[in-house]
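Taking it in order: structure first as structure tokens, then the write-up.
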Amino acid sequence: MTRLTRLHRLLFLVAVLSLTVARSASAQNAAGLWNAIVVANNVDVPFRYEVSVNGTKAEGAFFEGDRKIMSTSGTFEQGHLVIEYDHLNTVLDVQVEGDTFRGTYVNRRPNSRPQEIRATRFTPIAAGASDAPKLDGSWAMYRNGTTRFVLDVSWRLYLRDSGGAVSGAILRTSGDTGTLSGQWQNGKLVMSHFAGERPLLFEATANADGTLDITLDRTSTFRAARTNEIRDKGIPEPPDLTRFTSVKDPTERFHFGGVDLMGRQVSDADARYQGKVVVATIGGTWCPNCHDEAPSLVELDRTYRAQGLEVVGLFFENDPAIDAARPRINAFNRRYSVQFPILVAGGRDDGPMKLPQLNNFAVYPTTVFIGRDGRVRSVHAGFASEATGAEHTRLLDERRQLIERLLAEPAP
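The numbering of the sequence shown is my numbering, which starts it at 1116 and goes up by one.
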């Protein structure tokens, strides 16, 4: 081997080693935990994000409380990080530079506006004040000022204190906010939520009379009191979500229909629904609380199908064309291991027209419980996710008990 050949080989090895080291350093710059910000409603909403890198493949995780919301695919090359969430129909696209990254987070649906994302390397946040007010428990909150919106009623607020940190959720008529988390800062409770959807900034101050003044996204203001004190504080009782939406004539059979993922028309008149107890969830892949509800419906389907239960999804999608809706619903089904049929029932605004038997239908998801005779026995607006703690457990127990009572009824 000539001296020149040996030199060429040495230079080649040096180049390969340099490239390997560079790639390793680049991956190291992306991997790990980040303190991130999403700009939503003109407000900086903080959240925690985690990246892992293996070669050019990357994964990203949002956090719903302590639960990770994992990506479905991703790449990291030359400082460019692209993370995709098929079940959310979203993409995070950022440029990593040392201990920071900056870019966008966008929904793939047409005309969706990208949201600014920026982050710095994760550092622990100092513990909250030890002498902060103790807020653990159930509250009700009501918007300040007058409003004509049907969903602007009193909302339930669940808070949990834990060693200076505070977490919780707001259970609105339309469903909950996801897990809010934060702590007291300079006399103000600051919490936030962003797990790929539902960005929200929550700020509250405590009043001498035990109430809270709350601001959401630094625009909407509310007053809150503990649920056992709301009458004395002049705050209305939150609505019963099992009565918010109802059927116009409970003696009539409930009719539903849509197109399955094979393009076939399906309706309540089909043989599979005759003499069965039916749980029909009205939702869409774009609806965060529909994602929250899905695991519980999968469990009901798995537990009670052999006893005569049929679960069916009636989805009203942003684009109701089956070729457009199919990939989104397939991703939804994979995410939650859905085995029951999901039908495309119409476009996002078509629900009231397609389901005229419902009174005051304005919430996704709305879940309809139908007896063996085809008549509606209960309608529940919204869904209380795990973020609401005991309320979530109570709701699931209530649903199981209702289904078991309906299954015990004789078929007509």
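Just so it is clear, CB atoms sit at the ideal spot from N, CA and C, and this is done for glycine as well.
query                                                                                                                                                                                      : result
Considering only residues of the segment 1180-1239, which uninterrupted beta strand (DSSP E) runs meet the minimum length of 3 residues and lie entirely inside it, listed in chain order? : 1182-1185, 1188-1192, 1195-1200, 1205-1212, 1215-1222, 1230-1236
I'd like to check one pair, Arg-1514 with Phe-1484: are the Cβ atoms closer than 9 Å?                                                                                                      : yes
Let me check one thing: in DSSP terms, what residues is Gln-1300 bridge-paired to?                                                                                                         : Lys-1303
In the segment 1379-1428, which residue ranges form an unbroken beta strand (DSSP E) of at least 3 residues, counting only runs that do not cross its ends?                                : 1380-1382, 1392-1398
How far does the alpha helix (DSSP H) with Tyr-1451 in it extend, from its first residue to its last?                                                                                      : 1437-1451
Give the single residue among Val-1168, Arg-1490, Ser-1411 whose Cα lies nearest to the Cα of Phe-1455.                                                                                    : Ser-1411
Would you tell me roughly how many angstroms separate the C-alpha atoms of Thr-1238 and Asn-1150, rounded to the nearest one?                                                              : 7 Å
Quick one: measure Cβ to Cβ for Asn-1404 and Pro-1314, integer angstroms, because I've assumed they're closer than 8 Å.                                                                    : No, Asn-1404 and Pro-1314 are not in contact; Cβ-Cβ is about 15 Å, not under 8 Å.
Quick one: any contact between the segment 1271-1282 and the segment 1250-1262, if contact means 3 or more CB pairs under 8 Å?                                                             : yes
With H, G and I counted as helix, E and B as strand and the rest as coil, what does DSSP make of Ser-1141?                                                                                 : Only weak support is given to the placement of Ser-1141: the predicted model assigns it a pLDDT of 47, under 50, and the question is left unresolved by the model.
Let me confirm a value: Pro-1161 is counted as buried when at least 16 other C-beta atoms fall within 10 Å, else exposed. Which label applies?                                             : buried
Note down, in chain order, each residue of its chain lying with its Cβ closer than 8 Å to the Cβ of Asn-1156, except the 5 sequence neighbours on either side.                             : Pro-1314, Asp-1332, Thr-1334
Let's test the definition: count the other Cβ atoms within 10 Å of the Cβ of Glu-1312 and tell me whether it reaches 16, buried, or not, exposed.                                          : buried
Apart from the five residues just before and just after Ala-1145, which ones in its own chain have a Cβ nearer than 6 Å to its Cβ?                                                         : Val-1166, Val-1168, Phe-1191, Leu-1196, Val-1211
Tell me Asp-1328's beta-bridge partners as DSSP assigns them.                                                                                                                              : Thr-1320, Arg-1338
Would you call the segment 1492-1499 and the segment 1351-1360 touching, i.e. three or more CB-CB distances under 8 Å?                                                                     : yes
Which first and last residues belong to the alpha helix (DSSP H) in which Met-1468 is found?                                                                                               : 1466-1469
Roughly how many whole angstroms lie between the Cα atoms of Leu-1473 and Gly-1147?                                                                                                        : 48 Å
Based on the DSSP secondary-structure assignment, which residues constitute the bridge partners of Tyr-1164?                                                                               : Trp-1149
Over the uninterrupted beta strand (DSSP E) stretch that includes His-1495, give me the two end residues.                                                                                  : 1491-1496
Is Glu-1501 helix, strand or coil when you go by DSSP?                                                                                                                                     : helix
Please check the pair Ser-1296 and Gly-1180, which I expect to be a contact at CB under 8 Å, by giving their CB distance rounded to whole angstroms.                                       : 7 Å
Report all residues from its chain with a CB closer than 6 Å to the CB of Thr-1482; omit the five preceding and five following residues, and keep chain order.                             : Thr-1396, His-1495
Could you give the residue range of the alpha helix (DSSP H) that holds Ile-1345?                                                                                                          : 1345-1348
Under DSSP, the beta strand (DSSP E) around Ser-1277 begins and ends at which residues?                                                                                                    : 1270-1277
Is Gln-1230 buried or exposed, if buried means 16 or more other CB atoms sit within 10 Å of its CB?                                                                                        : buried
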